[in-house]
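**Q** So that we are looking at the same thing, I have put the structure below in structure tokens.
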Amino acid sequence: MRVANYYNNSDVRIEERPVPKIGEGEILLRTRAAGICGSDVMEWYRAGKAARVLGHEISGEIVEVGKGVTQYKVGDRVAASHHVPCFECHYCRLGHHTLCDMIHKTNFDPGGFSEWIRLPKINVQYGVYQLPDHVSFEEATLIEPLACVVRGQKKAAVRRGQTVLVMGCGPAGLLHVALAKNQGVERIIATDVVPFRLETAKRFGADQIFLANEFSPEKLRKANEGRLADVVITCVGIEKVNQQALESADRGGTVLFFAPVSQSQHLDLQLNDIFWQRGVTLLSSYAASPEDHRLSLDLIQSGKIRAKEFISHRLGLSETQKGFDLVVNAKDSLKIILDPSR
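34 is the number of the first residue of the sequence shown in the numbering used here; add one for each residue after it.
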């Protein structure tokens, strides 16, 4: 079978590998669509891990089931999670499913940017989601990234009456805008460096937009009746943006650090101001639980989140390098979807 093997952002090679063989409790999936995630192009995040087949936002058709698999059958249309929790450890029992050790031990074989995927037994148990007929394979690739957004906004308690500031309007930031709009928040303000993405944010529900280099907490106050934001969500892993997020949270507000950040990043925490004077809550969110995935699928299948509108490019597996280039340049693209059958 063909795979897109990642060496670095400018070196993604189409190579041949054997089709994975499945064992008891496992599933062989024909990959029908796979999205390129922003984390796929973070070279610092991939340091020491290349070469490897990436791709975790996937959907496909079951072509073989292993012994003992009774809840799924050949021909089923599904999406799948690459990371799943054990549901048995201390962290899972407390509801911290994405902090479970198993989350980092589970994955697809070899990865979503391939014609076929083996789903391990634990992924079959906890991370497969059957698709309604009216949800396309392309739309289903948004289930995983939206699930991460769902989890983040649950942790930040996003709700009606709030002002939400989304800093960074790549696909994840745009999903945050759309979900906040669906939650009925009072005002959504968005920042980014790319005008195309800011205009897209308005289309998905942002009430006001700012070019990132022109944004300041003072301008936020002017746009928000003299107040800062109740919830600030950072969707770019840049130290300056994260520092600015701390300065943009109102009294009693919350800062959700959503984007991955490198180990070298540090923030200047003025503890008296942040905690004693303003009472700001600092949160992070990583990945998503199976329940988050189910909520995400419901949002998509109900039409509350219009997944198809987030997709800007559809490419064949042979064009994976072009897809990575589009994501890295980030000028006029949203979600890039690969079709491994092409």
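All C-beta atoms in this analysis are idealised placements derived from N, C-alpha and C, irrespective of residue type, glycine included.
Quick one: Cα of ALA245 to Cα of THR224, how far?
**A** Start at 1 with the first residue of the sequence shown, and residue 245 comes out as number 212. Start at 1 with the first residue of the sequence shown, and residue 224 comes out as number 191. Their backbone Cα atoms lie some 5 Å apart in a straight line.
**Q** Please return the same chain residues whose Cβ sits closer than 6 Å to the Cβ of ALA173, not counting the five positions on each side in sequence.
**A** Looking up residue 173 in the sequence shown gives position 140. If we look at ALA173 and ignore the five residues flanking it on each side, its Cβ neighbours are SER92, ALA112, LEU164.
**Q** Between the segment 49 to 56 and the segment 145 to 155, are three or more C-beta pairs nearer than 8 Å?
**A** yes
**Q** Compare the Cα-Cα distances from HIS123 to each of VAL264, GLU247, LEU132 and report the closest residue.
**A** The count along the sequence shown starts at 1 and reaches residue 123 at position 90. Comparing Cα positions, the closest option is LEU132.
**Q** What are the start and end residues of each continuous alpha helix (DSSP H) run of 4 or more residues lying completely inside the segment 190 to 216, in chain order?
**A** 204 to 216
**Q** What are the complete beta strand (DSSP E) segments, minimum 3 residues, inside the segment 127 to 160?
**A** 149 to 152
**Q** According to DSSP, simplified to helix, strand and coil, what is ALA95?
**A** On the sequence shown, residue 95 is found 62 positions in, with the first residue counted as 1. Sequence inspection shows Ile at residue 95; the Ala mentioned does not correspond to that position. Residue state, collapsed to three classes: strand.
**Q** Taking only the alpha-carbon atoms, compute the straight-line gap between GLN186 and GLY336 and give it to the nearest angstrom.
**A** Within the sequence shown, the letter at position 153 stands for residue 186. Within the sequence shown, the letter at position 303 stands for residue 336. About 19 Å.
**Q** Under a three-way DSSP split, which group does GLY285 fall into?
**A** Translated into the one-based positions of the sequence shown, residue 285 becomes position 252. DSSP places GLY285 in strand when its eight states are reduced to three.
**Q** Curious, which full-length alpha helix (DSSP H) runs of at least 4 residues does the segment 47 to 131 contain?
**A** 76 to 79, 123 to 126
**Q** With distances taken from CA atoms, which of LEU304, ASP301, ILE271 is nearest PRO293?
**A** Locating residue 293 in the sequence shown gives position 260, counting from the first residue. For the residues LEU304, ASP301, ILE271, the minimum Cα distance to PRO293 belongs to ILE271.
**Q** For CYS181, tell me which candidate among TYR40, ARG327, ASP372 has the shortest Cα-Cα distance.
**A** Locating residue 181 in the sequence shown gives position 148, counting from the first residue. Comparing alpha carbon positions, the residue from TYR40, ARG327, ASP372 closest to CYS181 is ARG327.
**Q** For ALA376, count neighbouring Cβ atoms within 10 angstroms of its own Cβ and tell me buried if that reaches 16, exposed if not.
**A** The structure shown does not extend to residue 376, since the chain is modelled only from 34 through 375, so no value can be given for it.
**Q** Within the continuous alpha helix (DSSP H) that includes GLY356, where are the two ends?
**A** Locating residue 356 in the sequence shown gives position 323, where the first residue counts as 1. Counting along the chain, GLY356 sits inside the alpha helix (DSSP H) bounded by residues 353 to 362.
**Q** Given this structure, state the Cα-to-Cα distance separating SER147 from GLN354, to the nearest angstrom.
**A** Along the sequence shown, one-based indexing puts residue 147 at 114. Along the sequence shown, one-based indexing puts residue 354 at 321. Rounded to whole angstroms, SER147 to GLN354 spans 14 Å at the Cα level.
**Q** Closer than 8 Å by C-beta to ALA205: which residues in its own chain qualify, once you throw out the five before and the five after it? Chain order, please.
**A** Here residue 205 refers to the residue found at position 172 of the sequence shown. Excluding sequence neighbours, ALA205 sits near GLY71, PRO178, CYS181, VAL182, CYS268, PHE291, ALA292.
**Q** Fully enclosed by the segment 221 to 274, which alpha helix (DSSP H) runs are 4 residues long or longer?
**A** Runs of the alpha helix (DSSP H) inside the segment 221 to 274: 228 to 237, 250 to 256.
**Q** So, is LYS368 buried or exposed, given that buried needs 16 or more other C-beta atoms within 10 angstroms?
**A** Position 335 of the sequence shown, counted from the first residue, corresponds to residue 368. Flag for LYS368 reads buried.
**Q** Roughly how many angstroms separate the alpha carbons of GLN310 and VAL288, rounded to a whole number?
**A** As a position in the sequence shown, residue 310 is number 277, starting the count at 1. As a position in the sequence shown, residue 288 is number 255, starting the count at 1. Rounded to the nearest angstrom, the gap between the Cα atoms of GLN310 and VAL288 is 15 Å.
**Q** So LYS187 is in the alpha helix (DSSP H); what residue range does that whole segment cover?
**A** Your numbering for residue 187 matches position 154 in the sequence shown. Where LYS187 is concerned, the enclosing alpha helix (DSSP H) stretches over 176 to 188.
**Q** What are the boundary residues of the alpha helix (DSSP H) that LEU315 is part of?
**A** Walking along the sequence shown from the start, residue 315 turns up at place 282. Element bounds for LEU315: not the alpha helix (DSSP H) but the beta strand (DSSP E), 314 to 317.
**Q** In angstroms, rounded to a whole number, what distance separates the CA positions of ILE441 and ARG35?
**A** Since the first residue shown for the chain is 34 and the last is 375, residue 441 is missing from the structure and cannot be characterised.
**Q** GLY356: buried (16+ other C-beta within 10 angstroms of its C-beta) or exposed?
**A** Within the sequence shown, residue 356 is the residue found at index 323, counting from 1. When all chains shown are included, GLY356 counts as buried.
**Q** For GLY349, decide whether its Cβ has a neighbour in chain C, counting only Cβ atoms nearer than 8 Å.
**A** Although the question refers to chain C, the structure presented lacks it and comprises just one protein chain.
**Q** Mapping the DSSP letters down to three states, classify SER345 as helix, strand or coil.
**A** In the sequence shown, the residue the question calls residue 345 occupies position 312. In the structure shown, SER345 sits in a strand (DSSP, three-state: E or B).
**Q** Is there contact between the segment 222 to 236 and the segment 198 to 212, where contact requires at least three CB pairs shorter than 8 Å?
**A** Yes, since at least three Cβ pairs between the segment 222 to 236 and the segment 198 to 212 fall closer than 8 Å, the two stretches touch.
**Q** Expressed to the nearest angstrom, what Euclidean distance is found between the alpha-carbon atoms of GLY259 and LEU253?
**A** For this step, residue 259 is matched to residue 226 along the sequence shown. For this step, residue 253 is matched to residue 220 along the sequence shown. Their Cα atoms are separated by approximately 8 Å.
**Q** Applying the 10 Å Cβ sphere with the 16-neighbour rule, what's the burial state of ASN379?
**A** It is not possible to answer for residue 379, since the shown part of the chain is limited to 34 through 375.
**Q** In this structure, how does DSSP classify ILE333 when only helix, strand and coil are distinguished?
**A** In the sequence shown, residue 333 corresponds to position 300, counting from 1. Correct three-state label for ILE333: helix.
**Q** Could you check if ARG110 belongs to the surroundings of the ligand MN, using beta carbon to heavy atom distance under 7 Å?
**A** Within the structure as shown, the ligand MN is missing, as the structure has no ligands at all.
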